[in-house]
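Take a look at the structure below.
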Amino acid sequence: MIERHRTTQRMSQATVHRGVAYFSGQVGSDPEAGVTDQTAQALSKIDDLLAMVGSDRRNLLGANIWLSDISTFDQMNTAWDDWVPEGAAPVRATVESRLAHAHWKVEIMVWAAVPDAPA
Amino acid sequence: MIERHRTTQRMSQATVHRGVAYFSGQVGSDPEAGVTDQTAQALSKIDDLLAMVGSDRRNLLGANIWLSDISTFDQMNTAWDDWVPEGAAPVRATVESRLAHAHWKVEIMVWAAVPDAPA
Amino acid sequence: MIERHRTTQRMSQATVHRGVAYFSGQVGSDPEAGVTDQTAQALSKIDDLLAMVGSDRRNLLGANIWLSDISTFDQMNTAWDDWVPEGAAPVRATVESRLAHAHWKVEIMVWAAVPDAPA
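Residue numbers (this note's numbering), protein chains in the order written: chain U, 13 to 131; chain Y, 13 to 131; chain E, 13 to 131.
As structure tokens, this is what we get:
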């Protein structure tokens, strides 16, 4: 009934239930990169996770975005706006919070529909 | 399968999927107003968004509330408690985070059931 | 259509809709306790709430965790890793935010599947 992906003792990277996929917060892959690049890296990981559950970025329902410094809001949006497919933007809230590791500047947690999932 | 409302390149104000509506974080409309008034303004916007998807505040499932200063918790609650219909309160979590623009003191992100939506 | 539990004017501790249960952010029970103990206390409350809606911790879909001091990340994880059933970890995001009352060091908001719920 619940599908889980990349599950460790601490967390799964994705859970799927009744046609909705939930994903753990994703950060960048290069700790030295700036906010725009770390955002693009996190979104690239989200693309991989979406594919893993049989979905893609056109099916996003919502996103929570945390920036370690809210003054980087525009830099994050540069990568975000570029990534979102035209006409398919999810709901969103972006706030400032320190993240688990100081070198990560942005964390993105999304949820998405899984097309063709059974009711 | 996914219904979207007020969609820009960056975000939709609402997405609806399998009977659940998700909404973007809402802030006040008057940057000079205090927390109580900005909360009432954000909730008024949420009323409009709920109506747009065919729902209303009696169908709220949950809310995330961010305050730029957690010491304004009681001021936010004054407007919140007044707005919630008796017996229909959603789940909630309220924490402190700086918001995207310094003049906004509160941001509220809710999700709600859409009555009569198909399974 | 929406089931609510422990509902006050301000919030419900749980709402259930279409097989998914949402819970309010839970904090510890001892304001003097450290992060590990407050995490265990919050998770114990979540066990009670899950039972109340006819679910349990093996059905968790996701979790948002807020720490008032992100440097206590490992201390929180000690209690968290111990509590999560093997192979059933939810998705998760953990960030730093001040909480509503200064003596609470961690707040946890989860959502879960309710087995055997009607479509």
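Glycine residues also receive a C-beta, built at the ideal position from the N, C-alpha and C atoms.
In the structure shown, what three-state DSSP assignment does Val47 (chain U) receive?
Helix.
Between the CA atoms of His113 (chain Y) and Ala75 (chain U) - distance to the nearest angstrom:
When rounded, the distance between both Cα atoms is 18 Å.
Looking at Val107 (chain U): is its Cβ nearer than 7 Å to the Cβ of Trp78 (chain Y)?
yes
Using DSSP bridges, identify the partner residues of Asn76 (chain Y).
Y:Ala105 and Y:Met121
Interface positions of the segment 51 to 73 of chain E facing chain U (Cβ-Cβ less than 9 Å), listed along the chain
Arg70, Asn71, Leu72 and Leu73
What residues in the segment 84 to 109 of chain Y bring their beta carbon closer than 8 Å to a beta carbon of chain E?
Phe85, Asn89, Trp92, Asp93, Val96, Glu98, Gly99, Ala100, Ala101, Pro102, Val103, Arg104, Ala105, Thr106, Val107, Glu108 and Ser109
Measure from the C-beta of Ala125 (chain Y) to each C-beta in chain E and report whether the shortest distance is under 7 Å.
yes
Cα-Cα separation between Arg18 (chain U) and Ala26 (chain U), rounded to whole angstroms
7 Å
Same chain, Cβ closer than 6 Å to Glu119 (chain Y), neighbours up to 5 away in sequence not counted:
Gly37, Val39, Trp78 and Leu111.
Over the uninterrupted alpha helix (DSSP H) stretch that includes Thr84 (chain Y), give me the two end residues.
No alpha helix (DSSP H) holds Thr84 (chain Y); DSSP gives it neither H nor E.
Terminal residues of the beta strand (DSSP E) in which Arg16 (chain E) lies
Glu15 to His17
Contacts of Trp78 (chain Y) in chain U (Cβ-Cβ under 8 Å):
By Cβ distance, chain U contributes Ala105 and Val107.
On the three-state DSSP scale, how would you describe Ala91 (chain Y)?
helix
Measuring straight from C-alpha to C-alpha, what distance separates Asp49 (chain E) and His115 (chain E)?
13 Å
Nearest-angstrom Cα distance between Ala33 (chain Y) and Ala100 (chain E)?
27 Å
Would DSSP call Gln38 (chain E) helix, strand or coil?
strand
With a threshold of 8 Å on Cβ separation, who are the neighbours of Ser24 (chain Y) within its own chain once the five nearest residues in sequence on each side are excluded?
Arg16, His17, Arg18 and Ser36
Host beta strand (DSSP E) of Ala129 (chain U) (start-end)
First-last for Ala129 (chain U): undefined, no H or E at that position.
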